[in-house]
């Protein structure tokens, strides 16, 4: 062990891994024993030309900064093959970086409403890159690489790699084959191959006696909550539960957003602009509506409610929303265990989906049909408050109609029925780091206010004049207030005229929890007093697999439950143990029992539930994730070929010499050793 520690130095980082769908495999994998390459620092394109020409000591492991980690360069390395390039190291030196997105120009292009519709029109035109939903996308997230790609974020680790390269590799490239070189070994072997169909079949194969698992479906949990508590259905026996029927009098407005994000590397990427801003808006809308709306029985329609849903797995062909639509179609939402009536599509008034809000000042309301009176009315309501001098929100909401719809959860509903009343709030794309490791707090210019003030109440429109109007907290406040006011008018039938607006402090605490640390005031208030604190890291927001991290959905579940719940001061702590009652720590940490409306639904694609599903049909998401044993990287000195040949030759000579000596000694033992009498043997 001491010898190993002297020879090798570990390198901390995150690895690219393999995902599969019904027809392809994407991502990266090392060889089974680990991939080894000689370090070579890339500062210019000419350095890549050296590696791809006729390098003296292959295979190599180029250290590439983000501004050179482009599609053209990576495809050149891929074409060279593992005999020349065995490892790629991405180093966190972002000074020259101007964009970094590995998603497609048209995210979820194979699962939108344009696939299989009667008109044959797609929702995103790749022939005009500038007008796609991700103009800066490289599509590398959907490429398959024959070598591992390892991301090193820590500057000390990068210095360790660069110093090793400078000391052993940088001088006189022509003589590299004659001397020892600094090399890296990366272990990131992926068990799955080909596609999801093959991988699932191998896993389920009857002769797989060892119980090996090669891949797992991407799955997680959607989080939902209603604005008003629903009435529990009367107790029914098992036979009646099979034929559950919705209540035709119940009506819902769905307000939804995306819960997850993704990136090329395991456990890295918080999706600050691509989806977290939308989740922040939904959270603030939910809290404001709960505080400004009257009791449900005083509404013009006392059976009307709002259903808030955060869909998980939307980055991978709308996993969460596809399953939600599938369950609603089969009258399986909510689950029977909730003891409530199912919700069908006939119960839905309309759906307002909060998409990506890259430029919060410039938002459009997207709808499929130009002549939708409901969309025109909603747009009129939104602009009434957006342009009101009373509030001075400085938000412009335009309109867009047609098949050029943003890649949001609404597409799953519209794909089932293009007459479904679904509307999408989406900004003009401006996120140059969509679905990447650099879509973080710096990308949205977030600075934590840390005021320690009460964020559970609304604020006056004239409060917080000292805050920068262009801060993310104020932008979220403005958009959330506009949406909440428009929904208030829809539900009550009268205009909103109060001066109370969404609280930017809630946005401040929310963003701190999801961008910087799970050990934060909002998460603590949303948990049971005896619950352990979160980690001092942002929660992972990748959908993952069964048994994987579900931090994001867990915290969202608690937070929505807390903000939409109703205090029950008459219920003691010992009686507040079963849902819908839950005992929260609360803002002051003293503990309080509250009546909640939140719950989970399963975010697993229906493709894994249907027998003999056609994996290449494109009807449902088919994404899986390969299993692996470990991720590791370490550097060491790789001897030259001449050194290896010399050591091998000496070993062979010593072996032959030893063999000859032993043969001579054993054949002449009676001469070399005297025959000792048996009596003196001791």
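Residue numbers (full-length UniProt numbering): 1 to 682. All residues carry an ideal CB built from backbone N, CA and C; glycine is no exception.
{"Item": "Check for me: the alpha helix (DSSP H) holding residue 391 runs from which residue to which?", "Value": "It is not in any alpha helix (DSSP H) - residue 391 carries neither H nor E in the DSSP assignment."}
{"Item": "Of the choices 600, 538, 64, whose alpha-carbon is the least far from that of residue 327?", "Value": "600"}
{"Item": "Using 8 Å for Cβ pairs, my map puts residue 426 next to residue 364. What's the rounded Cβ distance?", "Value": "6 Å"}
{"Item": "Mind checking residue 120: buried by the 16 CB within 10 Å criterion, or exposed?", "Value": "Residue confidence for residue 120 is low, a pLDDT of 47 falling below 50, so the modelled location carries little weight; the figure read from the coordinates is stated next. Exposed."}
{"Item": "Does at least one heavy atom of the ligand PLP sit under 7 Å from the Cβ of residue 646?", "Value": "Here there are no bound small molecules, and the ligand PLP is not part of this structure."}
{"Item": "Under a three-way DSSP split, which group does residue 64 fall into?", "Value": "strand"}
{"Item": "Taking only three categories from DSSP, how would you classify residue 485?", "Value": "helix"}
{"Item": "From the DSSP output, in three-state form, read off residue 194 for me.", "Value": "coil"}
{"Item": "If you scan the segment 26-83 from start to end, which runs of the beta strand (DSSP E) of 3 or more residues do you find wholly inside it?", "Value": "35-41, 60-64"}
{"Item": "Considering only the alpha carbon of each residue, which of 527, 546, 519, 540 lies closest to residue 534?", "Value": "519"}
{"Item": "Is there contact here, the segment 618-635 with the segment 20-27, by at least three beta-carbon pairs under 8 Å?", "Value": "yes"}
{"Item": "Whose C-beta lies closer than 6 Å to the C-beta of residue 202 among residues of the same chain, with five residues either side of it excluded?", "Value": "214"}
{"Item": "Three Cβ pairs or more, each shorter than 8 Å: is that satisfied between the segment 127-137 and the segment 425-443?", "Value": "yes"}
{"Item": "Taking the DSSP output, what are the residues bridged to residue 169?", "Value": "Answer is none; residue 169 lacks a bridge partner."}
{"Item": "What three-state label does DSSP hand residue 106 in the structure shown?", "Value": "coil"}
{"Item": "On the DSSP bridge assignment, give the partners of residue 377 in chain order.", "Value": "DSSP, once it has assigned bridges, lists no residue as partnering residue 377."}
{"Item": "How many whole angstroms separate the CB atoms of residue 341 and residue 597, which I take to be in contact at a CB cut-off of 8 Å?", "Value": "Actually they are not in contact, since the Cβ atoms of residue 341 and residue 597 sit about 15 Å apart, beyond 8 Å."}
{"Item": "Could you tell me whether the segment 6-18 touches the segment 168-177, using the rule of 3 or more Cβ pairs below 8 Å?", "Value": "no"}
{"Item": "Using 10 angstroms around the beta-carbon of residue 32, count the other beta-carbons present and answer buried if the total reaches 16, otherwise exposed.", "Value": "exposed"}
{"Item": "Let's see if you can read the secondary structure: which residues bound the beta strand (DSSP E) around residue 495?", "Value": "Counting along the chain, residue 495 falls outside any beta strand (DSSP E), and DSSP gives it neither H nor E."}
{"Item": "Identify, in the order they occur along the chain, each residue of the same chain with its Cβ nearer than 6 Å to the Cβ of residue 290, setting aside the five sequence neighbours on each side.", "Value": "564"}
{"Item": "State the Cα-Cα distance for the pair residue 552 and residue 652, rounded to the nearest angstrom.", "Value": "59 Å"}
{"Item": "So, for residue 285: in the same chain, excluding its five sequence neighbours on each side, which residues have a beta-carbon less than 6 Å away from its beta-carbon?", "Value": "480, 483, 484"}
{"Item": "If we cut at 8 Å on Cβ distances, does residue 571 have a partner in chain C?", "Value": "Note that chain C does not occur in the displayed structure, where there is just one protein chain."}
{"Item": "Looking only at its chain, what residues have a beta carbon closer than 6 Å to the beta carbon of residue 228, apart from the 5 residues adjacent to it on each side?", "Value": "296, 305"}
{"Item": "Which runs of the beta strand (DSSP E) spanning at least 3 residues fall entirely within the segment 241-287, listed in chain order?", "Value": "251-258"}
{"Item": "Going by beta-carbon coordinates alone, are residue 181 and residue 638 separated by less than 8 Å?", "Value": "yes"}
{"Item": "If we ignore side chains and look at the alpha-carbon of each, how far apart do residue 79 and residue 265 end up?", "Value": "22 Å"}
{"Item": "So residue 274 and residue 439 are in contact, right, with Cβ under 8 Å, and what is the actual spacing, rounded?", "Value": "6 Å"}
{"Item": "Whole angstroms are fine: how far does the CA of residue 337 sit from the CA of residue 236?", "Value": "At residue 236, the pLDDT of 46 sits below 50, so the modelled position is not reliable; the number obtained from the coordinates is stated separately. Residue 236 and residue 337: Cα-Cα distance of roughly 12 Å."}
{"Item": "Can you check whether the CB of residue 67 is closer than 8 Å to the CB of residue 261?", "Value": "no"}
{"Item": "Can you grab the Cα-Cα spacing for the pair residue 263 / residue 221, in whole Å?", "Value": "19 Å"}
{"Item": "Whose C-beta lies closer than 6 Å to the C-beta of residue 508 among residues of the same chain, with five residues either side of it excluded?", "Value": "449, 473"}
{"Item": "To which residues of the same chain is residue 353 closer than 6 Å at the C-beta, ignoring the five residues directly before and after it?", "Value": "256, 408, 409, 410, 424"}
{"Item": "Comparing C-alpha positions only, which one of 162, 322, 556 sits nearest to residue 417?", "Value": "322"}
{"Item": "Give the single residue among 497, 544, 522, 523 whose Cα lies nearest to the Cα of residue 603.", "Value": "544"}
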